[in-house]
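Novice: For reference, each letter of the sequence shown is one residue, going 8 to 386 in my numbering.
Glycine included, C-beta positions come from ideal geometry on N, C-alpha and C.
Keep in mind the model is a prediction, meaning the values are calculated, not measured.
Before I ask anything, here is the structure I am working with.
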Amino acid sequence: MKRTFLYTPGPTQVPEDALLEMARPIIHHRTPQFEAIFADTLKKLKWLFQTQNDVLILASSGTGAMEGSVVNFLSKGDKAIVVNAGKFGERWGEICRAYGVEVIELKIEWGKAVKVEDVKAALDANPDVKAVYITASETSTGVAHPIKEVAALVKERENTIIVVDAITALGAFNVPTDEWGLDVVVSGSQKALMLPPGLGVVSISEKAWKLAETSTLPKFYFNFKKERKNHLKNTTAYTAAVTLVIGLNKTLSMMQEDGLETVFARTEKMAHACREAVQAIGLKLLAPTCPSPSVTSVFLPESVDGGKLVKLMRDTYGVGMAGGQDDLKGRIIRISHMGYVGEWDLYIALTAVEKALNQLGHVTPIGKAVGVAAAIMGA
Ligand SMILES: Cc1ncc(COP(=O)(O)O)c(C=O)c1O
């Protein structure tokens with residue numbers, strides 16, 4: 008018997024109260040009973056997105072909602088600016104190209120955020136761009152891009168929308184949809200929404216719906232107009248992910264009990280404590296200047312094989328964290344502090360890192376990182 012802990016930047020831990028809700032007997036999706044839950048969940052989601060725009064709930068992982076956010080707004084040959092500073096920004100480009108969209112890619116070194124002036128220059132050079140695709144929290148690097156500033160540039164342009172991947176941002180830190188004028192915002196269940204994987208959620212502004220009128224890319228399952236019609240009747244075009252929607256209703260209630268400010272402050276405080284703690288034991292941050300509050304990416308000492316470290320923590324200690332992707336494979340670890348985690352989780356994660364470093368031959372005092380984190384978290 009072994010207790011396990013999950014600090015990967017998705018999936019994240021699911022609160023016991025949500026697990027219990029989801030353990031109830033399944034109900035049919037075309038019933039007044041489910042429709043009432045669906046309506047209530049949509050209302051709560053709008054609160055989380057901080058929007059009056061339409062919000063859709065899709066039975067898919069986050070990438071499905073991303074794909075839908077390309078095929079529903081664009082047409083073949085349209086131009087889109089894509090901010091690519093990691094695995095998930097790269098994915099926007101891959102989806103666009105798969106559908107014949109012309110991609111103007113702003114490629115950024117991993118660990119850095121896009122410069123607002125570079126987006127402006129790309130927009131100025133390409134006034135016919137239909138959409139800017141960007142990532143609020145680039146999970147592969149732990150970078151937060153300047154969404155507010157980029158959105159302000161796009162807002163001025165009548166025929167261009169901004170589409171934000173907020174998959175590890177929504178519910179973790181402040182990305183206010185209406186205040187910043189975000190046209191399309193995408194997220195997924197297995198991150199700060201504190202659920203198992205399987206739901207994609209997306210908010211859509213009137214400006215984006217207008218663009219949708221002209222979109223000719225092929226779409227069937229991810230047909231947002233069709234979903235909107237159904238959502239207006241508190242149902243979905245196809246079978247809803249009933250259990251996950253019920254779970255979402257619960258986790259949203261939990262967030263509402265705390266309030267958005269409290270949730271964001273908690274995440275930010277843990278992120279700050281985590282960053283200071285790992286630096287106190289001599290580790291370097293991948294994104295020191297523009298860190299996402301959701302996930303901290305930490306370089307390992309060169310003598311330590313990151314793959315072995317992640318495996319040791321997972322298989323021996325029961326503590327799950329993510330390693331690096333592509334060029335960063337084996338060189339970094341990524342620690343999540345979004346969703347259902349508290350300061351004690353942070354101490355477990357940090358202790359696991361310290362112990363594993365020692366076990367793999369990198370001598371470091373056990374408890375130093377935790378001490379720094381605990382001092383920051385306060386009494
Ligand atoms: C920022 C970001 N975008 C997109 C995705 C892809 O989401 P999914 O794996 O749910 O399809 C992830 C998943 O880790 C992510 O973190």
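Using DSSP's beta-bridge definition, name the partner residues of T303.
Specialist: I342
Novice: Considering only the beta carbon of each residue, do I169 and A158 sit closer than 7 Å?
Specialist: yes
Novice: Would the beta-carbon of D333 be found less than 6 Å away from any heavy atom of ligand 1?
Specialist: no
Novice: Evaluate V370 with the Cβ neighbour count: other Cβ atoms within 10 Å of its Cβ, from every protein chain shown; 16 or more gives buried, anything less gives exposed.
Specialist: Classification of V370: exposed, given that the 10 Å Cβ count is below 16.
Novice: Between the beta-carbon of A72 and the beta-carbon of T258, is there less than 7 Å?
Specialist: no
Novice: In whole angstroms, what is the alpha-carbon distance linking H110 and S222?
Specialist: The amino acid occupying residue 110 in the given sequence is Val; His does not appear at that position. So the two alpha carbons sit approximately 16 Å from each other.
Novice: Give me the pocket residues for ligand 1, defined as CB within less than 5 Å of any heavy atom, sorted by chain position.
Specialist: G17, S68, G69, T70, F95, T146, D172, I174, T175 and G195
Novice: I need the straight-line Cα distance from K94 to L202, nearest angstrom please.
Specialist: 22 Å
Novice: Kindly indicate which three-state DSSP category S196 falls into: helix, strand or coil?
Specialist: coil
Novice: Need the endpoints of the beta strand (DSSP E) that D333 sits in, please.
Specialist: Premise fails: D333 is in no beta strand (DSSP E) and is neither H nor E.
Novice: Going by beta-carbon coordinates alone, are T58 and S210 separated by less than 7 Å?
Specialist: yes
Novice: Figure out for me which residue from G100, K127 and N133 has the closest Cα to the Cα of T142.
Specialist: G100
Novice: Would you mind listing the alpha helix (DSSP H) stretches within the stretch 95-121 that are 4+ residues and don't spill past its ends, in chain order?
Specialist: none
Novice: Hey, V136 and K86 are a contact pair by Cβ (cut 8 Å); roughly how many whole angstroms apart?
Specialist: About 5 Å separates the two Cβ atoms, so the contact holds.
Novice: Per DSSP, what kind of secondary structure is F227 in: helix, strand or coil?
Specialist: Coil.
Novice: Output the distance between the C-alpha atoms of Q332 and G325, rounded to the nearest integer angstrom.
Specialist: 21 Å
Novice: Can you tell me whether T11 sits near ligand 2, meaning its C-beta is under 6 Å from at least one heavy atom of the ligand?
Specialist: As presented, the structure is devoid of ligand 2, carrying ligand 1 as its sole ligands.
Novice: Spatial neighbours of Y245 within its chain, please: CB distance less than 8 Å, with the 5 preceding and 5 following residues excluded, ordered by chain position.
Specialist: A66 and Y228
Novice: Between the C-alpha atoms of V150 and G178, what's the straight-line distance to the nearest angstrom?
Specialist: 16 Å
Novice: Which runs of the alpha helix (DSSP H) fall wholly inside the stretch 24-70 and span at least 4 residues, in chain order?
Specialist: 39-56
Novice: I'd like to know whether the C-beta atoms of A380 and L357 end up nearer to each other than 7 Å.
Specialist: yes
Novice: Name the DSSP bridge partner or partners of K86?
Specialist: E109
Novice: Within the continuous beta strand (DSSP E) that includes D312, where are the two ends?
Specialist: Note, D312: premise wrong, no beta strand (DSSP E); not H, not E.
Novice: Mind checking whether L160 and L113 have CB atoms under 7 Å apart?
Specialist: no
Novice: In whole angstroms, what separates the C-alpha of K155 from that of L52?
Specialist: 20 Å
Novice: Does the pairing of the stretch 292-310 with the stretch 274-284 give three or more beta-carbon distances under 8 Å?
Specialist: yes
Novice: For H35, does the count of other Cβ atoms within 10 angstroms reach 16, so buried, or fall short, so exposed?
Specialist: exposed
Novice: Alpha carbon to alpha carbon, how far is E163 from M8? Give it in angstroms, no decimals.
Specialist: 58 Å
Novice: Pull up the CB-CB distance for K119 and A92, whole angstroms please, since I reckon it's below 8 Å.
Specialist: 6 Å
Novice: Under the rule that 16 or more other beta-carbon atoms within 10 Å means buried, what is N60, buried or exposed?
Specialist: buried
Novice: Can you give me the start and stop residues for the alpha helix (DSSP H) that S260 sits inside?
Specialist: V249 to D265
Novice: Quick check on E309: buried or exposed, where buried means 16 or more other Cβ atoms within 10 Å of its Cβ?
Specialist: exposed
Novice: Nearest to L353 by alpha carbon, out of I339, G330, M384 and L63?
Specialist: M384
Novice: By DSSP, does S144 sit in helix, in strand, or in coil?
Specialist: strand
Novice: So, at 6 Å on beta carbons, what are the nonlocal neighbours of I88 in its own chain, with the 5 sequence-adjacent residues on each side left out?
Specialist: I111, A129, V136 and V139
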